[in-house]
Amino acid sequence: MPGSIFNQQGVFMKVAICGGTHGNELTGIHLVRRWQKTPSEIQRNGLELSTLIANPAAYQQNRRYVDNDLNRRFSLKDLNDPSLQSVEELRAKEINQILGTKESPKVDFIFDLHTTTANMGLSVIINSLDPLVKKAAFYIAQKLPDVTLFYQDSDRNSDNFLMSLAGKGGLLIEVGPIAQGLLRAEVFEQTRLAVMAGLDYLEMHLANEAPEVPEQLPGFQFVEKIKFPEDENGQLIGMIHPELQDKDYQPLNPGDPMYLLETGETVYYQGEPGLVPSFINEAAYYDQHHSMSLMKPITIKL
Ligand SMILES: [Zn+2]
Numbered sequence: 394m395p396g397s398i399f400n401q402q403g404v405f406m407k408v409a410i411c412g413g414t415h416g417n418e419l420t421g422i423h424l425v426r427r428w429q430k431t432p433s434e435i436q437r438n439g440l441e442l443s444t445l446i447a448n449p450a451a452y453q454q455n456r457r458y459v460d461n462d463l464n465r466r467f468s469l470k471d472l473n474d475p476s477l478q479s480v481e482e483l484r485a486k487e488i489n490q491i492l493g494t495k496e497s498p499k500v501d502f503i504f505d506l507h508t509t510t511a512n513m514g515l516s517v518i519i520n521s522l523d524p525l526v527k528k529a530a531f532y533i534a535q536k537l538p539d540v541t542l543f544y545q546d547s548d549r550n551s552d553n554f555l556m557s558l559a560g561k562g563g564l565l566i567e568v569g570p571i572a573q574g575l576l577r578a579e580v581f582e583q584t585r586l587a588v589m590a591g592l593d594y595l596e597m598h599l600a601n602e603a604p605e606v607p608e609q610l611p612g613f614q615f616v617e618k619i620k621f622p623e624d625e626n627g628q629l630i631g632m633i634h635p636e637l638q639d640k641d642y643q644p645l646n647p648g649d650p651m652y653l654l655e656t657g658e659t660v661y662y663q664g665e666p667g668l669v670p671s672f673i674n675e676a677a678y679y680d681q682h683h684s685m686s687l688m689k690p691i692t693i694k695l
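Quick note: the sequence shown uses the working numbering, first residue 394, plus one each step.
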């Protein structure tokens, strides 16, 4: 683990970078390994860095998870529930001892690195009310092209994401499209640059040299996951319509083609207007037959 580096004022912040929270999202795992070999790349004045491969058991099996999704196991209630004993429930409790505990965190800020099979580019997901977390996300959005911001305000204790273990919360970096179990150089590099920009911002903030970021930026808020068409036995009977495939973040209007059934029939969107799809045809959603998430455009304020 890298040692502490204090800036001139002696102010410091503890930051953890986590990869492999989903075991078949290799980008974060390989970035964490890179930084374990060359920690100088992530060292910043005033920051104490640590790195973690979050779900090594799932990674060994090249699976998203062994028993259940690790990134839904971090609510205070679940961490303190001794009856929860799945591979991921136990791993969440271990990570709670390493980075948390949730009630008394050892780290201030977590970057959690993910990938998606959907054509979403670089998305930065903010779950925290803390202005510093939002500012770091806004800075990443300013520095890198085509960043999409997701914002979900959440109560830290009930939040079940890994990054909610940190005192301030953190940022989930989600890059795609990339298949599960794969590395792609441009996805690796986009993810790396997002973390670099985030660390740069934290360093400048601690040195009281942070550049101005906008007071507000456009983004999206999660509304709901929607399901593929199913038959009466609950079997999946359709796929994403070719006109919708890869159209993440583009408005979905009533009457737009949504699914192509196995029969060749088209199913049209009939929900409310003004929403945009994300995670279209996300492979990790197939276990629940979810086809995409619908998001609402919002303004994110500091
Ligand atoms: Zn993931």
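Cβ coordinates follow ideal geometry from the N, Cα and C atoms, glycine included.
Please state whether DSSP places Met589 in a helix, a strand or coil. Per DSSP, reduced to three states, the secondary structure at Met589 is helical.
I'd like to confirm something about His415: is its beta-carbon nearer than 7 Å to some heavy atom of ligand 1, or not? Answer for His415: yes, Cβ within range of ligand 1.
Here's the rule: buried if 16 or more other CB atoms are within 10 angstroms of the residue's CB, otherwise exposed. What is Pro670? Pro670 is buried by the Cβ-count criterion.
Below 7 Å, is the gap between the Cβ of Glu418 and the nearest heavy atom of ligand 1? Checking the Cβ of Glu418 against ligand 1 gives yes.
Going straight from the alpha carbon of Asp474 to that of Glu596, what length do you get? Rounded to the nearest angstrom, the two C-alpha atoms are 37 Å apart.
Would you identify the three-state DSSP class for Thr659, choosing helix, strand or coil? Looking at Thr659 - three-state DSSP - the assignment turns out to be strand.
Whole-Å CB distance - Glu567 paired with Ser521, under 8 Å assumed: Not a contact, Cβ separation roughly 16 Å.
Among Tyr452, Phe613, Leu469 and Gly591, which one has its Cα closest to the Cα of Val480? Looking at the Cα atoms, Tyr452 is the closest of the given residues.
State yes or no: is the C-beta of His683 nearer than 7 Å to some heavy atom of ligand 1? For ligand 1, not one heavy atom lies less than 7 Å from the Cβ of His683.
Phe504 vs Gly591 beta-carbon contact at 8 Å: Taking C-beta atoms as the reference points, Phe504 and Gly591 count as a pair closer than 8 Å.
Can you tell me where the alpha helix (DSSP H) holding Tyr532 begins and where it ends? Per DSSP, Tyr532 is one residue of the alpha helix (DSSP H) stretching across Pro524 to Lys536.
When you compare the CB positions of Leu440 and Met406, do they come within less than 8 Å of one another, or not? It is a contact, given that the beta carbons lie within the stated cut-off.
Taking all protein chains shown into account, do 16 or more other C-beta atoms lie within 10 angstroms of the C-beta of Gln583, making it buried, or fewer, making it exposed? Around the beta-carbon of Gln583, 16 or more other beta-carbon atoms lie within 10 Å, marking it buried.
Just to confirm, is the Cβ distance from Asp471 to Asn553 under 8 Å? Yes, these two residues count as a Cβ contact at 8 Å.
List the endpoints of the continuous alpha helix (DSSP H) containing Gln490. Run containing Gln490: Val480 to Ile491, per the alpha helix (DSSP H) assignment.
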